[in-house]
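Everything in the sequence shown is counted per the numbering used here, starting at 65 for the first residue and increasing by one.
Presented below is the structure to which this report refers.
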Amino acid sequence: MNLRTKLLSGYLIFVAALAVLGGWSAWRLREMGDVSGRIILNNYDSVVAAQDMKESLERQDSAALFALQGESERALKQLAEHRKKFDAAFNKAANNITEPGETELIETIRRGRDEYYRVFDAFITNLNDQRSDPLAAQDATAKNVKASSEYFTRLEPLFNRLRGECDNLLQLNQRAMLLKSEAAAGVARSWFLTTLAIAAILVIAGIFLALFMANRIVEPLRQLTATTVRIAGGDLNAKVEVTSHDEVGILAAEYNRMAERIRQLRRSDMGELVVAQQTTEAAIDSLYDPVLVTDADGRVTKLNPAAEEIFGPEAEYKGKHVGEVARDSRLAYAVAEALQSQRPVAGEGAASVLPLAVDGSQRAFRLRTTPMRDNENHIVGAVTLLEDITHLREIDRLKSDFIATASHELRTPLTSVQMGVHLLLEGAVGELTDKQAEVLQACRQDCERLDKLMQDLLDLSKIEAGEDKPQLVSLRADDLIKGAAERLRTQVEAKGLALRLVTPVDLPSVLADRTQIERVVSNLVTNAIRHTKHGEIGISAERRGEQIAVSVSDTGSGVPKEYLTHIFDKFVQVPGATTGGAGLGLAISRSIVEAHGGQISVQSELERGTTFTFTLPVVGNGSG
């Protein structure tokens, strides 16, 4: 028997029990209705008829009194009306004889009625004759006394006797109704107790049946659950006992087959899996650079020995959120950004430089975070590599010092060359031919580009050396971004592009140097213009925790993937862009943002556009 048949059988038994109980109750209710109907049919009509006869007799007696008072017309009218009602009630009672002795009472009432009618008619006739005799007026008082005496001696005794007989008929039927009602109540109590007993028996039987069916169905499922727990705990030899051939039994059999297959797979693949896991862990542990592995929720699952030298033992931090382990919030932000964007992120984590203490000495690390995916391309975590670039930072510092010195020394002769070219173009030494003027114009443009390059190099060197620190003040974020954007609107629209600005008015104030942040926005927008031929450039801002994130997006050609990790380096230019830059704008922007305590990052897809995002600290979060 399959599970469906078992369930249907249980439900059908339950429905059958309900049908039996309902049929029994309906049958008994119908019989109770028949009893009540018989009480009404047999006695109630006779009770009503007896009451009507009594009332009609009393009204006829009142008609006799009216006649004595001289209101013969009214008396006759009332007499005729209530004789008719009395006769109707009498006929109703005579046709509804149901009780012993009721026939004799009806016959007695008939004889009393006939005699009462005869005496009443004679009384009315005599009374009318006396009042119609002209000589009777002389002895009116004596006549009235005689009529009253006749009423009280003959008519009233007949009235009282007839009314008594009607009352006997009423009481006979009332007693019969009471006895039948008591008998019906006893029968009803008996039927109620019987019905209650049947219902209790059916309920108890239903409970036992439900428990039986539940155990037959649930017990195999319990065994299946217990076996699942054992297998989940590592006991792959656990089996489910198959005790039936229904769906649960089939499930148990298939479950055993699955467990056997898992055991086979474990025997065949376990060795390879262990070797692969050990190889992976050995590779991570052998890396010179610190590595942190986190799950999809940002919790630490692995720290290699190099990372343990910075953050502490793996056992202490395993399972904790990366924000609790990292000493710099940029590391936690980089992991969150990689998990959210589901791609490697440069800057704001991947290209940021973190100063961390190792063995008592300060070292610089470049942050790179890459999301991990399973075979179904679902995010399962992230790997964060801290590349030790201390020696590179030192080399970069020496290079920056050299560039700053060289730029400073070159500015003086360059200024002289610019002045000479200017004097020549102004004709200070004589008229120039068109060809000479053209050559000098080209020289002037190259001198201006060289001057801008040296100025950018000097500015970058000052920022990196800490000589040009931002003057942080509290500024309204929306005013700051809108002001910077509006200054660039003409430049954007001149290239046939649209400028879209989205800045909520409820943004909090930020700690920033207006001039430097406007320079960052200008560099990003200028860079977007160079890479966008049609479409729009968007500038937006939103709050992210205790920071304001400002994004500059375009619909341009995008940045190739291989350039994303180096795009903030000095002199890096993406192929395909229009000429005009030396590759220092993004490097300067990154230095300015980091000097403000924020980070800058880039996301891009070829032929779909690029988005640069930088953050600024909100006033009051402890930044600055």
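Glycine included, every Cβ here is placed at the ideal spot set by N, Cα and C.
- Contact between V111 and N232 fails: their C-beta atoms lie close to 12 Å from each other, not under 8 Å.
- Around the beta carbon of E166, a 10 Å sphere encloses 16 or more other beta carbons of the protein chains shown; the residue is thus reported as buried.
- Between the alpha carbons of T497 and L487 lies a distance of about 15 Å.
- In the DSSP assignment, R607 is bridged to I612.
- R174 and M117 have their C-alpha atoms roughly 12 Å apart.
- Excluding its 5 nearest sequence neighbours in each direction, I545 has C-beta neighbours in its own chain below 8 Å: L565, T567, V585, I603, A605 and V614, listed in chain order.
- Just measuring C-alpha positions, the residue of V556, K382 and T433 sitting nearest A400 is T433.
- For T167, the three-state secondary structure derived from DSSP is helix.
- For E283, the closest of G313, Q535, V386 and R218 by C-alpha to C-alpha distance is G313.
- Collapsing the DSSP output to three states places R407 in coil.
- Rounded to whole angstroms, the separation of the alpha carbons of V503 and L514 is 17 Å.
- Around the beta carbon of L395, a 10 Å sphere encloses 16 or more other beta carbons of the protein chains shown; the residue is thus reported as buried.
- In this structure, F216 sits away from L121, with a CB-CB distance that is not shorter than 8 Å.
- Collapsing the DSSP output to three states places E122 in a helix.
- In the pairwise beta carbon analysis, the segment 348-363 is classified as touching the segment 376-388: at least three pairs are separated by under 8 Å.
- In the DSSP assignment, L273 falls within the alpha helix (DSSP H) that extends over E220 to A296.
- Take A390, set aside five residues on each side of it, and the residues of its chain with a beta-carbon closer than 7 Å to its own are A396, in chain order.
- Residue pairing of E600 in beta bridges, as defined by DSSP: A562.
- Between P534 and D570, the CB-CB gap reaches or exceeds 8 Å.
- Between I601 and L561, the C-beta spacing is below 8 Å.
- Bridge partners of I443 according to DSSP: R437.
- Sequence-distant partners of M241 (beyond 5 residues in either direction) whose C-beta falls short of 8 Å from its own C-beta, in its chain, are I103, N107, Y108 and V111.
- With contacts defined as CB atoms closer than 8 Å, N192 and S136 qualify as a contacting pair.
- An exposed status is given to P164, since fewer than 16 other beta-carbon atoms sit within 10 Å of its beta-carbon.
- A straight line joining the alpha-carbon of H660 with that of A323 spans about 59 Å.
- Taking a C-beta distance under 8 Å as the contact criterion, L356 and T448 qualify as a contact pair.
- Note that the segment 254-272 does not touch the segment 126-135; fewer than 3 beta-carbon pairs, one per stretch, sit closer than 8 Å.
- Taking a contact to require three or more Cβ pairs closer than 8 Å, the segment 583-598 and the segment 369-376 do not qualify as touching.
- Taking 8 Å as the cut-off, the Cβ atoms of E229 and L169 count as close.
- Distance from the CA of E246 to the CA of L257, rounded to the nearest whole angstrom, comes to 17 Å.
- Scanning its chain for C-beta atoms nearer than 7 Å, with the 5 sequence neighbours on each side dropped, one finds around R437 the residues I443 and V444, in chain order.
- Only residues of its own chain outside the window of five on either side were considered, and among them E373 have a CB closer than 8 Å to the CB of D423, listed in chain order.
- By the neighbour-count criterion, in which a residue is buried when 16 or more other Cβ atoms sit within 10 angstroms of its Cβ, L243 is exposed.
- The alpha-carbon separation between Q509 and V485 amounts to approximately 10 Å.
- As computed with DSSP, L680 is found in a beta bridge with I612.
- By the C-beta density criterion, S665 is buried, having at least 16 other C-beta atoms within 10 angstroms.
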